[in-house]
Amino acid sequence: MIRVLIADDHSIVRDGLKRILAATPDLQVVAEAASGDEALALVRANDYDVAMLDMSMPGLSGIDLIKRLKSEKPGLRILVLSMHGESQYAARALKAGAAGYLNKDSASELLLGTLRKIAAGGVHIGEAAAASLLQAGAARPHETLSDREFEVMRLLVEGLGPTEIGEKLHLSVKTVSTHKTRILEKLGVGSTAELVRYALEHRLV
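Counting from 1 along the sequence shown, just add 675 to a position and that's the residue number in my numbering.
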């Protein structure tokens, strides 16, 4: 039996995933979390075969959450299930320690197959992520961002201000502002509006 932890801040998503897995004899949802902090606490206290994570949740999330979970339980297999663009987020998630990345609009059959593949020690990436990893040698501007800068950029594009981003990532407003300045410089844009346009053009949102 493959023991699965589901971490997603939307209860309707968790319920849907549980229904999909309930129809299989070899996959069992044994715990669920509504935030990254809750997921981390569960992983510290229990053993799971696969953790299925949303990329964006309240508190600890994204790349930071993947790294923390892997540091706690190196043998834990992590599947990221997200709405974010696969071409960029998948590559970063895999580098952080995830074993797979799926978009939330994937078919249930693909989800089940991916969970089994990951639990058995395999890795799953889509064509877009594979292409991104192959092109890593010729980095585009956003690929030069650090993981922290990438998280800040994502939240800026979502419309959050420096104070909100600081609270979410546990950073000071000054640090967030410094990251924002570096992001704009690295991407060659002059404002948040141009940053949003850049993100849309490169399918980062």
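All C-beta atoms, glycine included, are put in the ideal place defined by N, C-alpha and C.
It should be emphasised that the depicted structure is a prediction, and the values quoted were computed from it without experimental measurement.
Query, Result
"For S710, name the three-state secondary structure that DSSP assigns.", "coil"
"Closest to H942 by C-alpha separation, out of A774, V871, L751, would be which residue?", "There is simply no residue 942 to check, as the chain begins at 676 and stops at 880 in what is shown."
"What are the residues that DSSP puts in a beta bridge with Y776?", "V755"
"For the beta strand (DSSP E) containing V679, name the first residue and the last one.", "677 to 682"
"Leaving out five residues on either side along the sequence, give the residues of the same chain with a beta carbon under 7 Å from the beta carbon of T856.", "none"
"In the DSSP assignment, find the unbroken alpha helix (DSSP H) run with L831 in it and report its ends.", "822 to 832"
"Under 7 Å between the Cβ atoms of T711 and S736?", "Going by the sequence as given, residue 711 is Gly instead of Thr. The answer is yes: Cβ separation under 7 Å."
"For V725, does the three-state DSSP call read helix, strand or coil?", "strand"
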